[in-house]
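K.L.:
A single structure is presented below for examination.
Protein chains: 2
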Amino acid sequence: MSDTPLVNDRLLRALRRQPVDHTPVWLMRQAGRYLPEYRAVRQRAGSFLAMAKTPEIACEVTLQPLARFDLDAAILFSDILTVPDAMGLGLHFIEGEGPKFTHPIREESDVARLSIPDMETDLRYVMDAVRLIRRELAGRVPLIGFSGSPWTLACYMVEGGGSRDFSRIKTMALDRPDLLHRLLTIITDAVIAYLDAQRAAGAQVLQVFDTWGGVLAPTMYRKFSLPYLARIAREVERGENEQKTPLILFGKGNAPYLEDLADCDVEAIGVDWLVELCEAARRTQGKVALQGNLDPATLYSSPAAIQEQVQYTLDRYMMGNGGSREGHVFNLGHGLSPDMDPEHIGVLVEAVHRLSRRRH
Amino acid sequence: MSDTPLVNDRLLRALRRQPVDHTPVWLMRQAGRYLPEYRAVRQRAGSFLAMAKTPEIACEVTLQPLARFDLDAAILFSDILTVPDAMGLGLHFIEGEGPKFTHPIREESDVARLSIPDMETDLRYVMDAVRLIRRELAGRVPLIGFSGSPWTLACYMVEGGGSRDFSRIKTMALDRPDLLHRLLTIITDAVIAYLDAQRAAGAQVLQVFDTWGGVLAPTMYRKFSLPYLARIAREVERGENEQKTPLILFGKGNAPYLEDLADCDVEAIGVDWLVELCEAARRTQGKVALQGNLDPATLYSSPAAIQEQVQYTLDRYMMGNGGSREGHVFNLGHGLSPDMDPEHIGVLVEAVHRLSRRRH
Chain A
-3 MSDTPLVNDR LLRALRRQPV DHTPVWLMRQ AGRYLPEYRA VRQRAGSFLA
47 MAKTPEIACE VTLQPLARFD LDAAILFSDI LTVPDAMGLG LHFIEGEGPK
97 FTHPIREESD VARLSIPDME TDLRYVMDAV RLIRRELAGR VPLIGFSGSP
147 WTLACYMVEG GGSRDFSRIK TMALDRPDLL HRLLTIITDA VIAYLDAQRA
197 AGAQVLQVFD TWGGVLAPTM YRKFSLPYLA RIAREVERGE NEQKTPLILF
247 GKGNAPYLED LADCDVEAIG VDWLVELCEA ARRTQGKVAL QGNLDPATLY
297 SSPAAIQEQV QYTLDRYMMG NGGSREGHVF NLGHGLSPDM DPEHIGVLVE
347 AVHRLSRRRH
Chain B
-3 MSDTPLVNDR LLRALRRQPV DHTPVWLMRQ AGRYLPEYRA VRQRAGSFLA
47 MAKTPEIACE VTLQPLARFD LDAAILFSDI LTVPDAMGLG LHFIEGEGPK
97 FTHPIREESD VARLSIPDME TDLRYVMDAV RLIRRELAGR VPLIGFSGSP
147 WTLACYMVEG GGSRDFSRIK TMALDRPDLL HRLLTIITDA VIAYLDAQRA
197 AGAQVLQVFD TWGGVLAPTM YRKFSLPYLA RIAREVERGE NEQKTPLILF
247 GKGNAPYLED LADCDVEAIG VDWLVELCEA ARRTQGKVAL QGNLDPATLY
297 SSPAAIQEQV QYTLDRYMMG NGGSREGHVF NLGHGLSPDM DPEHIGVLVE
347 AVHRLSRRRH
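Chain order of the listed sequences is A and B. Here this note's numbering is used: position 212 in the first sequence is 208, and no number is missing along the way. Here this note's numbering is used: position 235 in the second sequence is 231, and no number is missing along the way.
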């Protein structure tokens, strides 16, 4: 399977900062509720979790956006919380409230109870989905596997779900840093095993989502998020040289830490829209590729405005990258939302290809 | 009234970057629901808006935290949305959902309908509260008046309330920038008149809250938030020299723009906890005082941790300010929350004074 040559390898080439005929594009949450065909499957499956846990369905929705748009990658349909779920926390979703855990991690004894899930039993449904998607893709585009970052997973595990102020985990960070580090270490072990297993199952690119690193004061980010990202970058098994599996570190609010992140052993940094790509490119000095960074809210505006913003984003990258488009993966600064118009997403994808091809 | 000499002028001196015997401290939302005596008044008054619109009650709750804590300033108890309310948008609060407007601004005709409220009729309750508080304070500490920033007020006015993604106003920014600029211009006119009136009524320091500037991409921030902040700084009537009324620009997520903000004609910049004060001080080169910037979530941790974080914050400012504490106003990076323990707030205030005095 891993021997099937890729028909479209633009993403891999861009992540390696090699020349491409146009800038590759994929979109976070590209398999999602904004698509009527996704909503139909979800209704049939009954719930988001049932979809994620059934490899055939996960495969079906992973492929849906590729049938509509000329995207340069597929990303596994799953959730970052599959790992804590497999650790026994009891993931469930409450309508309108988002994810919740039945057994959040609050005490010493909660942490002591945790162990690393077995990837081919506890999380077999993820690996089966990866294998199935790879087979169905048949080399059309690469498949991206992913995990939440240790800090982000810890946020959900300690808070017991989403949070507005992250008061429980921040209190743990100040009052019991030892306990939080122990928790983050176990999560990191699990994340490394999870990414290794996805790669072994066929994922050709890996992305870590540090969704909540940006809620931390800098000194706290450097204690509780960054070192664990760096460890993942060092320890995930990724092969060597031209065959090395690229790793992307995406983080909301990671702009203050671009220099630190670029010094991790990763191929790319994914940034949100709060930093200009020209600045991001200058600050990372060509050490990594950059992924991003259109404000997703742009997709609510008119096709003309979307195209203009695509052009702006492409130009800003080039401006900071010595006039070259190499090393840019176009994406949003965060995920798509359910109320977005699929036609506008088509406008975006088309514009990225057309406007980046023109100047190659 | 404005002739009563201040017993405690540390805040004014710090904002002017003059020496003080210890670092002054006040806290955003210091008059608020975390205080049982506040909750008692609120129950009596019936609603938040009734409190804000009754000068005697606004005065009472403004003074409450001063009776408990050795704070170096009072801040007018009010809401940033009084201005759009006076412009006829129909402000109301829905339990658990926050502020809403009956008549949001979406169309050309909505903007055309807007006019600048008369400060001594439409917003007389605010000016009466300022006058009453000044009288009751009798010069103990200075009184801070405030307004929302034009961009932040426009967010609420266009979205019709709070928002998760600011899709309506961002769409207006891309599809109808002319209309949004017209709206921001009218709001800015109103904000300038509002701050002028508060100062005339007795406010001794003014703060502008740009709560939502940080949701904008840099190029959008520089178009739709920054220029209106700069205009306020230029045009608000503030007197001259030693008598000049200090103006503080606070912004969540304003760290990328500290250089731009320091070049506005303001005395201080208020920053959130996502930037280290040493970096903020270095980047603003002593052009302005800095206010902040402890993560409010710190208040959920133990007294020992709170004191340690206070020390850290004080030290970081000094480190970036050539070893001097001058020009630092201690505050949180954002407001207090209802579930915070008043005793912990006492620990914070005491620690700021004690730990900053030690080294003067």
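For glycine and all other residues, C-beta sits at the position ideal for the given N, C-alpha and C.
Going by C-alpha to C-alpha distance, which of 128(B), 208(B), 191(B), 134(B) sits closest to residue 160(B)?
P.N.:
Checked all of 128(B), 208(B), 191(B), 134(B); the closest Cα to residue 160(B) is 208(B).
K.L.:
So if DSSP puts residue 287(A) in a beta bridge, which residue, or which two residues, is it bridged to?
P.N.:
266(A), 325(A)
K.L.:
Residues of chain B with a CB under 9 angstroms from the CB of residue 162(A): which are they?
P.N.:
293
K.L.:
For residue 88(A), write down the residues that DSSP places opposite it in a beta bridge.
P.N.:
96(A)
K.L.:
Does the beta carbon of residue 277(B) come closer than 8 angstroms to any beta carbon on chain A?
P.N.:
no
K.L.:
Would residue 352(B) be called buried (16 or more neighbouring beta carbons within 10 Å of its own) or exposed?
P.N.:
It is buried - the Cβ of residue 352(B) has at least 16 other Cβ atoms within 10 Å.
K.L.:
Within 10 angstroms of its Cβ, does residue 341(A) collect 16 or more other Cβ (buried), or is it exposed?
P.N.:
buried
K.L.:
Just grab the DSSP bridge partners of residue 201(B) for me.
P.N.:
Per DSSP, 140(B).
K.L.:
Quick one: is residue 201(A) near chain B, going by C-beta distance under 8 angstroms?
P.N.:
no
K.L.:
Using alpha carbons as the reference points, say which of 141(B), 162(B), 138(B), 22(B) lies closest to residue 148(B).
P.N.:
The closest CA to that of residue 148(B), considering only 141(B), 162(B), 138(B), 22(B), is found on 162(B).
K.L.:
Which bits of chain A does residue 298(B) rub up against, with CB to CB less than 8 angstroms?
P.N.:
170, 171
K.L.:
Rounded C-beta distance between residue 217(A) and residue 253(A)? I'm assuming under 8 angstroms.
P.N.:
6 angstroms
K.L.:
Please return the same chain residues whose Cβ sits closer than 8 angstroms to the Cβ of residue 255(B), not counting the five positions on each side in sequence.
P.N.:
279, 280
K.L.:
Any beta carbon from chain C within less than 8 angstroms of residue 49(A)'s own beta carbon?
P.N.:
Structure shown: chain C not included; protein chains present are A and B.
K.L.:
Who are the neighbours of residue 219(A) on chain B, taking C-beta pairs under 8 angstroms?
P.N.:
What residue 219(A) touches in chain B: nothing, since even the nearest Cβ is about 12 angstroms away.
K.L.:
How would you label residue 60(B), buried or exposed, when you count the other beta carbons within 10 angstroms and need 16 or more for buried?
P.N.:
Burial check for residue 60(B): the Cβ neighbour count within 10 Å reaches 16 or more, so the residue is buried.
K.L.:
What span of residues does the beta strand (DSSP E) with residue 165(B) cover, start to end?
P.N.:
Counting along the chain, residue 165(B) falls outside any beta strand (DSSP E), though it belongs to the alpha helix (DSSP H) covering 163 to 171.
K.L.:
Just to confirm before moving on: does the CB-CB distance between residue 63(B) and residue 140(B) stay below 8 angstroms?
P.N.:
no
K.L.:
Note down, in chain order, each residue of its chain lying with its Cβ closer than 6 angstroms to the Cβ of residue 144(B), except the 5 sequence neighbours on either side.
P.N.:
76, 205
K.L.:
May I ask you to report which of helix, strand or coil DSSP gives residue 245(B)?
P.N.:
Strand, per DSSP.
K.L.:
Less than 7 angstroms between C-beta atoms, sequence neighbours within five positions excluded: which residues of the same chain meet that for residue 86(B)?
P.N.:
These residues qualify, in order along the chain: 97, 98, 99.
K.L.:
Does the beta carbon of residue 213(A) come closer than 8 angstroms to any beta carbon on chain B?
P.N.:
yes
K.L.:
Would residue 313(A) pass as an interface residue toward chain B - the criterion being a Cβ-Cβ separation below 8 angstroms?
P.N.:
no
K.L.:
Give the DSSP-derived three-state secondary structure of residue 21(B) in the structure shown.
P.N.:
Reduced to three states, the DSSP call for residue 21(B) is strand.
K.L.:
Looking at residue 267(B) and residue 289(B), is the spacing between their C-beta atoms short of 8 angstroms?
P.N.:
Yes, the Cβ-Cβ distance between residue 289(B) and residue 267(B) is below 8 angstroms.
K.L.:
With distances taken between CB atoms, is the gap from residue 47(B) to residue 36(B) smaller than 8 angstroms?
P.N.:
no
K.L.:
Measuring only the C-alpha atoms, how far is residue 40(A) from residue 34(A)?
P.N.:
10 angstroms
K.L.:
Give me the chain B residues within the contact set of residue 80(A), using Cβ-Cβ distance strictly less than 7 angstroms, ordered along the chain.
P.N.:
Within chain B, no residue comes near residue 80(A); the closest Cβ sits about 22 angstroms away, beyond 7 angstroms.
K.L.:
Cα-Cα, which of 193(B), 83(B), 65(B) is closest to residue 123(B)?
P.N.:
193(B)
K.L.:
What did DSSP end up calling residue 70(B) once you bin it into helix, strand or coil?
P.N.:
If DSSP states are grouped into helix, strand and coil, residue 70(B) belongs with the strands.
K.L.:
Buried or exposed: where does residue 131(B) fall if 16 or more other Cβ atoms within 10 Å of its Cβ makes it buried?
P.N.:
With fewer than 16 other Cβ atoms within 10 Å, it is exposed.
K.L.:
Mapping DSSP to helix, strand and coil, what is residue 42(B)?
P.N.:
coil
K.L.:
Who are residue 206(A)'s beta bridge partners in DSSP?
P.N.:
247(A)
K.L.:
From residue 158(B) to residue 196(A), what distance separates their C-alpha atoms?
P.N.:
45 angstroms
K.L.:
Does the distance from the C-beta atom of residue 291(B) to that of residue 219(A) stay below 8 angstroms?
P.N.:
no
K.L.:
Using only CA atoms, which one of 118(B), 73(B), 171(B) lies nearest to residue 81(B)?
P.N.:
118(B)
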